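All remarks here apply to the structure that follows.
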Amino acid sequence: MYKMIAIDLDDTLLNDCHQVGLEDREALLRAKKAGIRLCMMTGRNYLSTKPYLEMASFQDMMGCLNGAYIVDPGTDSFLYQYSINGDICAEILKDIEKTGTHINLYHDHKAVSRERNHMTKYYRDLTGIEPEPVGTLSEYVLAVNVGKLLLIDENEKLKQIQKELKQKYHQVVQFTFSKPGHLEVNSIHASKGNAVEAIAEHYNIARDEIIAIGNDENDISMLQFAGLGVAMGNSSNQVKSHANVVTRSNNESGVAHVIEEYL
């Protein structure tokens, strides 16, 4: 019997209108009433995720910033943080800053960027949170514990940046695409899979009692860890190849379909 569901937010639980559909909300509420742990797993920071937690019946531990932070929504406190080393992060940022690519930086419950521009407004429209302008990030980073960097640019340019940075920093950070044009940088120890494992241990839930549902590259680690890894119908073939089953798309209440079929 499954006791926990780990669910990605964007393009998994949220449809293309950035809403949680009625069928999904009702299915999640039924699962919650049945005693199932509902754990959101997202690349977003906590504050941009929080409005969806109550709406979709999530009250259990959650992973944000691709598992860099595990947060207790009841207290807004951290169970753990996997941050990027400050000195190394400064060097990475200097390399990225040379390319002109837009960077969002996330630490604690904050999102910041070098300046306010069309990219920060785009991100505000996407998530409801506009990063705070703080100046040169490679200097700012030395005073904070960084959970994640988000690079926003043309996909082919980001692939080249990823290739070059991997050669220099593959032992300390990892790179994943959360969607085309969004390249995310985390500590080598941070992943949604590791976060699901830590939360399951916290709740004394076995690996084979977990369902994980996601759609993109940053979800693969939790699909592989869970007893049942479910890829959304709108996932790439790469993501689908790492899942046990494929459900409907995010516009067809794929999450509700999983709950109805397996719970």
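FYI, in the UniProt record's numbering the residues of the sequence shown are 1 to 263.
Even glycine gets a Cβ: it sits at the ideal position worked out from N, Cα and C.
All figures in this text were calculated on a predicted structure; none of them were measured in a lab.
Nearest-angstrom Cβ-Cβ length linking residue i and residue j, presumed shorter than 8 Å
{"i": "residue 7", "j": "residue 13", "result": "5 Å"}
{"i": "residue 210", "j": "residue 230", "result": "Contact flag wrong, Cβ pair sits at about 11 Å."}
{"i": "residue 165", "j": "residue 141", "result": "Not quite, the Cβ-Cβ distance comes to about 15 Å (not below 8 Å), so this is no contact."}
{"i": "residue 119", "j": "residue 161", "result": "15 Å between Cβ atoms; not a contact."}
{"i": "residue 149", "j": "residue 185", "result": "4 Å"}
{"i": "residue 38", "j": "residue 60", "result": "6 Å"}
{"i": "residue 102", "j": "residue 45", "result": "Rounded, the Cβ-Cβ distance is 16 Å, inconsistent with contact."}
{"i": "residue 41", "j": "residue 192", "result": "5 Å"}
Identity of the residues DSSP links to residue i by a beta bridge
{"i": "residue 114", "result": "DSSP, once it has assigned bridges, lists no residue as partnering residue 114."}
{"i": "residue 187", "result": "173"}
{"i": "residue 77", "result": "72"}
{"i": "residue 106", "result": "111 and 148"}
{"i": "residue 133", "result": "113"}
{"i": "residue 84", "result": "146"}
{"i": "residue 90", "result": "Paired residue(s): none; residue 90 is not in a bridge."}
{"i": "residue 7", "result": "40 and 213"}
Exposed unless 16 or more other CB atoms sit within 10 angstroms - verdict on residue i
{"i": "residue 10", "result": "buried"}
{"i": "residue 75", "result": "exposed"}
{"i": "residue 133", "result": "exposed"}
{"i": "residue 135", "result": "exposed"}
{"i": "residue 122", "result": "exposed"}
{"i": "residue 201", "result": "exposed"}
{"i": "residue 116", "result": "exposed"}
{"i": "residue 62", "result": "buried"}
{"i": "residue 236", "result": "exposed"}
{"i": "residue 64", "result": "buried"}
{"i": "residue 188", "result": "exposed"}
{"i": "residue 100", "result": "exposed"}
{"i": "residue 34", "result": "exposed"}
Secondary structure of residue i, DSSP reduced to three states
{"i": "residue 1", "result": "coil"}
{"i": "residue 182", "result": "strand"}
{"i": "residue 220", "result": "helix"}
{"i": "residue 228", "result": "strand"}
{"i": "residue 205", "result": "coil"}
{"i": "residue 214", "result": "strand"}
{"i": "residue 243", "result": "coil"}
{"i": "residue 126", "result": "helix"}
{"i": "residue 153", "result": "coil"}
{"i": "residue 254", "result": "helix"}
{"i": "residue 319", "result": "The requested residue 319 is not part of the displayed model; the chain covers only 1 to 263."}
{"i": "residue 100", "result": "coil"}
{"i": "residue 249", "result": "coil"}
{"i": "residue 263", "result": "coil"}
The ligand GDP heavy atom lying under 7 Å from the CB of residue i
{"i": "residue 15", "result": "With respect to the ligand GDP, the structure offers nothing, as it holds no ligand at all."}
Residue i at chain B interface by Cβ criterion, 8 Å
{"i": "residue 56", "result": "Given the protein chain composition of this structure (a single chain), no chain B is represented."}
| task | Enumerate, from N- to C-terminal direction, the unbroken beta strand (DSSP E) stretches of 3 or more residues contained entirely within the region 15–79. | result | List check, beta strand (DSSP E) in window: 37–40, 62–64 and 69–72.
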